[in-house]
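The block underneath contains the structure these notes are about, expressed in structure tokens.
In the numbering used here, the protein residues as written are 3 to 196.
Here's what the structure looks like:
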């Protein structure tokens with residue numbers, strides 16, 4: 003194993019690449035462990051060859067898992083040191099708030115067929131005849147005022163700007179900060195980190 007230093011953003015991409023390679027390697031291990039058909043003693047060297055191949059693939063898989071652990075630990079330490087953990091938690095909470103507001107706005111717009119309170123007073127003054135199936139005069143009045151809707155839209159815009167700022171901060175840290183970790187030579191070579 004040798005020490006490797008890369009940018010935090012490269013580390014995140016490396017985690018993705020190693021994870022994909024682990025999936026491929028697992029499939030290769032399974033193939034290498036498949037039984038060998040032997041029809042005579044002359045076929046036994048095929049078994050030894052398959053065993054050697056399986057052993058190599060298992061060692062590669064172990065190396066990939068060790069590498070993945072080392073890179074993830076380095077990323078976790080860097081995230082903590084540079085405040086990314088806090089930014090990610092803030093981002094999650096603000097996304098939840100934005101989602102709640104969007105859900106409320108969607109529901110309000112779905113139920114906004116009623117009059118607002120001022121229109122209702124005018125409606126009553128004109129004695130319009132709105133009737134339900136029982137013949138009783140009625141009108142639904144929206145509880146959610148236009149003013150409240152504008153406030154919520156402004157709040158959503160503020161949250162969206164905050165989320166953009168958080169994303170920019172995270173991207174800046176990922177692009178400018180480095181992480182160091184140990185990698186097996188084989189993994190370094192496979193992922194072009196020499």
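From the three backbone atoms N, C-alpha and C, an ideal C-beta is built for every residue, glycine too.
Short of 7 Å from the beta carbon of residue 162, and not among the five residues preceding or following it, lie these beta carbons of its own chain, in chain order: 100. Between residue 16 and residue 107, the alpha-carbon positions lie close to 40 Å from each other. In this structure, the alpha-carbon of residue 188 lies about 15 Å from that of residue 57. Shown here for residue 31: same chain residues with a beta carbon closer than 7 Å to its own, the five before and five after excluded, namely 56, 59, 60 and 63 in chain order.
Its chain contains 24 as the residues whose beta carbon lies nearer than 8 Å to that of residue 67, once the 5 sequence neighbours on both sides are disregarded; these appear in chain order.
DSSP places residue 51 inside the alpha helix (DSSP H), whose first and last residues are 46-83.
No residue range can be given for residue 147, since it is assigned to no alpha helix (DSSP H) and is classified by DSSP as neither H nor E.
The DSSP-derived three-state label of residue 102 is helix. Residue 185 sits in a strand when the DSSP states are folded into three classes.
By the Cβ-count criterion, residue 10 is buried, with 16 or more other Cβ atoms from all chains shown falling within 10 Å of its own Cβ.
Three or more beta-carbon pairs drawn from the segment 64-83 and the segment 174-182 are found closer than 8 Å, and the two stretches are therefore classed as touching. Residue range 4-9 is occupied by the beta strand (DSSP E) that includes residue 5, with no alpha helix (DSSP H) assigned at that position. When 179, 151, 72 and 39 are compared, the shortest CA-CA separation from residue 3 is found for 72. By the Cβ neighbour-count rule, residue 13 is buried, with 16 or more other Cβ atoms within 10 Å of its own. Taking a 10 Å sphere around the C-beta of residue 65, we find 16 or more other C-beta atoms and assign the residue as buried. Put simply, the backbone Cα of residue 75 is about 13 Å away from that of residue 87. By the neighbour-count criterion, in which 16 or more other beta carbons inside 10 Å mark a residue as buried, residue 180 falls on the exposed side.
In terms of Cβ geometry, residue 165 and residue 96 form a close pair [threshold 8 Å]. Residue 180 sits in a strand when the DSSP states are folded into three classes.
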